[in-house]
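Report on one structure; see the data block that follows.
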Amino acid sequence: DGVELDITEDALTAIAQEALSRKTGARGLRAILEEVMQEIMYDIPSRRDVKKCVITRETIVDKEPPRLVLVDRKVKKEEPA
């Protein structure tokens, strides 16, 4: 829906480590991403103010919500999902 998805290097490493610990391989990668993105996949399409969704290590490991970068006329700002 026109929203950029950014997955940090640390997040990619955490996703791979989680898949290895689950012994799930490539299918596990998808499942891990779906788990952390489930709520925002339903929320973001109804919003017009979101420019980017950032998945961080904390999103994967600590289950923190992804960070959303909002479109603002003057300044772009980040807020938790």
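Its first residue numbered 16, the sequence shown is counted upward by one per residue in our numbering. A virtual CB, placed ideally from N, CA and C, is assigned to each residue, including glycine. If you're wondering where the values come from, they're calculated on a predicted model, not measured in any experiment.
- The continuous beta strand (DSSP E) containing I70 extends over residues V65 to I70.
- With respect to L20, I30 sits apart: the two C-beta atoms are not nearer than 8 Å.
- Taking the CA atoms as reference points, V76 sits about 14 Å from L35.
- Residue environment: V86 is assigned as exposed (fewer than 16 neighbouring CB atoms within 10 Å of its CB, all protein chains considered).
- Under a 10 Å Cβ-count criterion, P81 is classified as buried, with 16 or more other Cβ atoms of the shown protein chains found around its own Cβ.
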